[in-house]
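Colleague: Last residue of the sequence shown: 378 in the numbering used here, with the numbers rising by one and none dropped.
Glycine is no exception: its CB is placed at the ideal position from the N, C-alpha and C atoms.
Quick one: the structure is below, and I'll ask about it shortly.
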Amino acid sequence: MGTDKISANEIKAKNRQNIYQYIRERGSVSKQEIVVDMQLSLPTVTANLDYLKKQGLIDTSGKIKHTGGRNATAFSYIKNARTAIGVDITANHITAVAVDLSGEIVSMERRRIQFNLEDDLYLREIGEVVECVKRDAQIADTNLLGVGISVQSLISNDGEYIEYGKALNFTRRRREEIAAYVPYRSRLVHDSYAAGYRETWTNHKFQNAFYISLSNSVGGSVIIDDAIYEGNTHKGGEIGHLEVVSEGGELCYCGRRGCFDTVCRAGKLTDYTEGSLEEFFHLLENGDETARSLWNTYLDHLSRAIHNVRMLFDGMVILGGYVGAYMGKYLDDIYRRVDERNPFGDRAKDYLVECQYKVEASAAGAALFYIDEFLENI
1 MGTDKISANE IKAKNRQNIY QYIRERGSVS KQEIVVDMQL SLPTVTANLD YLKKQGLIDT
61 SGKIKHTGGR NATAFSYIKN ARTAIGVDIT ANHITAVAVD LSGEIVSMER RRIQFNLEDD
121 LYLREIGEVV ECVKRDAQIA DTNLLGVGIS VQSLISNDGE YIEYGKALNF TRRRREEIAA
181 YVPYRSRLVH DSYAAGYRET WTNHKFQNAF YISLSNSVGG SVIIDDAIYE GNTHKGGEIG
241 HLEVVSEGGE LCYCGRRGCF DTVCRAGKLT DYTEGSLEEF FHLLENGDET ARSLWNTYLD
301 HLSRAIHNVR MLFDGMVILG GYVGAYMGKY LDDIYRRVDE RNPFGDRAKD YLVECQYKVE
361 ASAAGAALFY IDEFLENI
């Protein structure tokens with residue numbers, strides 16, 4: 001049995017974190033409420049509130065009205081006391097967002113530009129997009145926690161280089177190359193992990209979930225007890241490379257045939273509409289027979305993947321990515337297809353949902369890693 005004791009400094013840090021979290025959850029509270037609800041001494045609460053105020057994390061200008069006696073000071077949570085920036089890099093776009101301590105996006109910039117790490121102008125564009133949202137959100141250098149950079153690739157444990165990046169052909173490229181014109185703390189983040197984390201960060205019903213990213217490539221992330229499960233070698237959730245076509249399958253960018261990516265990437269739909277997903281769904285809604293045929297085939301493959309994920313993880317399943325953003329109108333059809341495969345009688349409508357966050361999900365999720373780091377080390 002372990003005999004390690006918690007030090008006095010650790011107790012102080014834990015009390016501070018708990019008090020700050022209490023204020024975050026309630027928005028505005030009195031000192032007495034903290035003392036009573038958290039069962040802490042008045043000196044302990046007072047000392048921690050003084051510390052949080054000096055750090056600029058709480059506001060004390062308000063009052064809580066009482067029916068009798070003097071009104072108490074209201075200790076209120078300042079959402080924009082610190083901010084993080086997230087950047088999502090794809091084949092044709094750079095998206096950057098500024099995210100406050102509540103996880104809310106306070107500024108966003110999206111630019112269409114072709115991915116090319118060999119072009120210095122492209123690297124400068126990444127830096128300019130970051131500066132654009134920083135200016136728009138009026139973030140002081142001292143209040144910027146860092147810049148998370150979401151990429152379509154597997155990332156090293158320290159966030160410093162690309163371990164596997166065949167989707168955009170940039171395996172082994174390093175963070176300092178990609179962030180050459182980003183003069184702030186930064187790290188690389190797997191895009192599917194970032195998007196999945198964004199979905200679950202503020203929604204506690206997704207304590208255990210599998211996020212399926214249906215974009216230009218197909219990816220996924222596993223969330224267990226509110227944390228991303230990366231696996232032993234950072235490949236947890238790589239649903240895009242499940243083999244779903246045993247013979248004669250299309251060649252995947254990974255070099256093998258029959259991967260889930262080859263049948264459910266966005267291109268299986270947009271190849272019909274010259275790259276426009278919006279136009280594809282417009283045609284689908286207006287009865288275009290080719291669009292309907294492509295969509296039926298797509299849903300057959302997708303429903304099989306959803307069923308397999310449910311059998312493996314028995315948790316919520318979230319449909320995200322570019323295609324996932326359009327799923328709302330078609331969920332009943334997907335529920336029916338998935339339910340036909342389920343031997344246990346589970347109803348897909350009880351565990352299958354469309355994503356709440358659309359194009360900004362990966363960028364915002366990348367920023368949240370810095371928000372979490374800050375909240376854990378107050």
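As an exercise, report each continuous alpha helix (DSSP H) stretch of at least 4 residues that is fully enclosed by the region 234-293, in chain order.
Modeller: The qualifying runs are 261-264, 267-270, 277-285.
Colleague: Mapping the DSSP letters down to three states, classify Ile6 as helix, strand or coil.
Modeller: Ile6: coil per DSSP, three-state reduction.
Colleague: Just list the residues that DSSP pairs Gly320 with in beta bridges.
Modeller: Bridge partners of Gly320: Ser213.
Colleague: So, at 7 Å on beta carbons, what are the nonlocal neighbours of Thr67 in its own chain, with the 5 sequence-adjacent residues on each side left out?
Modeller: Bear in mind that the predicted position of Thr67 carries a pLDDT of just 47, short of 50, making it too unreliable to give a figure here.
Colleague: Use the C-beta contact count for Asp88: other C-beta atoms within 10 angstroms, 16 or more gives buried, fewer gives exposed.
Modeller: By the 10 Å Cβ count, Asp88 comes out buried.
Colleague: In angstroms, rounded to a whole number, what distance separates the CA positions of Glu160 and Glu176?
Modeller: The straight-line gap from Cα to Cα measures roughly 8 Å.
Colleague: Among all the DSSP beta bridges, which residues are the ones paired with His190?
Modeller: Answer by DSSP bridge pairing, in chain order: Val151.
Colleague: Quick one: grab the DSSP three-state call for Phe382.
Modeller: An answer regarding residue 382 cannot be provided, because it is not within the stretch 1 to 378 covered by the chain.
Colleague: Name the DSSP bridge partner or partners of Tyr229?
Modeller: Note: Tyr229 sits in a beta bridge opposite Val222.
Colleague: Out of curiosity, what's the CA-to-CA distance linking Asp59 and Ile78?
Modeller: If I take the Cα positions, the gap works out to 7 Å.
Colleague: Along the alpha helix (DSSP H) that carries Met327, what are the first and last residues, could you check?
Modeller: Premise fails: Met327 is in no alpha helix (DSSP H) and is neither H nor E.
Colleague: Please list the terminal residues of the continuous beta strand (DSSP E) segment that includes Val77.
Modeller: With the sequence shown as reference, residue 77 is identified as Tyr, and Val is not the correct amino acid for it. Its beta strand (DSSP E) spans residues 72-77.
Colleague: Kindly indicate which residue of Thr273, Gly345, Val147 has the alpha-carbon position closest to the one of Ala367.
Modeller: Nearest C-alpha to Ala367: Val147.
Colleague: Mapping DSSP to helix, strand and coil, what is Ser303?
Modeller: DSSP places Ser303 in helix when its eight states are reduced to three.
Colleague: Which residue wins for smallest C-alpha separation from Asp119, given the options Gly165, Val245, Glu131, Ala180?
Modeller: Of Gly165, Val245, Glu131, Ala180, the residue nearest in Cα terms is Ala180.
Colleague: Should Met38 go down as buried or exposed, given a rule of 16 or more other Cβ atoms within 10 Å for buried?
Modeller: With fewer than 16 other Cβ atoms within 10 Å, it is exposed.
Colleague: By DSSP, does Lys65 sit in helix, in strand, or in coil?
Modeller: Three-state result, Lys65: coil.
Colleague: Output yes or no for whether 9 Å exceeds the beta carbon distance between Tyr184 and Leu144.
Modeller: Yes. Within cutoff.
Colleague: Can you grab the Cα-Cα spacing for the pair Gly196 / Val218, in whole Å?
Modeller: Between Gly196 and Val218, the C-alpha separation is close to 13 Å.
Colleague: Do Val338 and Arg292 have their beta-carbon atoms positioned less than 9 Å apart in this structure?
Modeller: Not closer than 9 Å, so no.
Colleague: For the candidate residues Lys63, Arg112, Ser153, Thr262, whose alpha-carbon lies nearest to that of Glu243?
Modeller: When only C-alpha atoms are compared, the closest one is Thr262.
Colleague: Using alpha carbons as the reference points, say which of Asp100, Val182, Gly103 lies closest to Ile126.
Modeller: The shortest Cα separation from Ile126 among Asp100, Val182, Gly103 belongs to Val182.
Colleague: Going by C-alpha distance, which of Ala72, Ser246, Val133, Leu214 is nearest Ala266?
Modeller: Of Ala72, Ser246, Val133, Leu214, the residue nearest in Cα terms is Leu214.
Colleague: Which whole-angstrom value describes the C-beta separation of Ser153 and Ala137, a residue pair presumed to lie in contact below a C-beta threshold of 8 Å?
Modeller: 27 Å between Cβ atoms; not a contact.
Colleague: Within 8 Å, do at least three Cβ pairs link the region 84-102 to the region 335-355?
Modeller: The answer is no - the region 84-102 does not touch the region 335-355, with fewer than three Cβ pairs under 8 Å.
Colleague: Compare the C-beta of Val182 against all C-beta atoms of chain B and say whether one is closer than 9 Å.
Modeller: No chain B appears in the structure shown, which is made up of a single protein chain.
Colleague: So Ser192 and Ser221 are in contact, right, with Cβ under 8 Å, and what is the actual spacing, rounded?
Modeller: With 8 Å as the limit, Ser192 and Ser221 qualify as a contact, their Cβ atoms being about 5 Å apart.
Colleague: Which residue's Cα is closest to the Cα of Ser418: Asn377, Ile224, Asn286, Asn80?
Modeller: Nothing about residue 418 can be read from this structure; the chain reaches only from 1 to 378.
Colleague: Rounding to the nearest angstrom, what Cα-Cα distance links Ala194 and Gly165 in this structure?
Modeller: Looking at the two C-alpha atoms, the distance is approximately 16 Å.
Colleague: For Arg198 versus Tyr357, is the C-beta spacing smaller than 9 Å?
Modeller: Result yes, Cβ atoms of Arg198 and Tyr357 sit closer than 9 Å.
Colleague: Would you call the CB atoms of Ser30 and Ile85 closer than 9 Å?
Modeller: No, they are not a contact pair.
Colleague: Would His282 be called buried (16 or more neighbouring beta carbons within 10 Å of its own) or exposed?
Modeller: Under this definition His282 is an exposed residue.
Colleague: Where do the N-terminal and C-terminal ends of the beta strand (DSSP E) with Arg110 fall, by residue?
Modeller: 105-112 is the span of the beta strand (DSSP E), which, as asked, contains Arg110.
Colleague: Tell me which same chain residues have a C-beta within less than 6 Å of the C-beta of Ala74, skipping the five on either side of it?
Modeller: Ser28, Gly62, Lys63, Ile64, listed in sequence order.
Colleague: Near Ile113, what residues of its chain come up, given a Cβ to Cβ distance below 8 Å and the 5 sequence neighbours on each side ignored?
Modeller: So the list reads Asn92, His93, Ile94, Tyr122, Glu125, once near-sequence residues are dropped.
Colleague: Residues in the same chain with beta-carbon distance under 8 Å from Thr3, minus the five sequence neighbours each way, listed in chain order, please.
Modeller: Because the pLDDT at Thr3 is just 49, under 50, the model does not fix this residue reliably, and the point stays unresolved.
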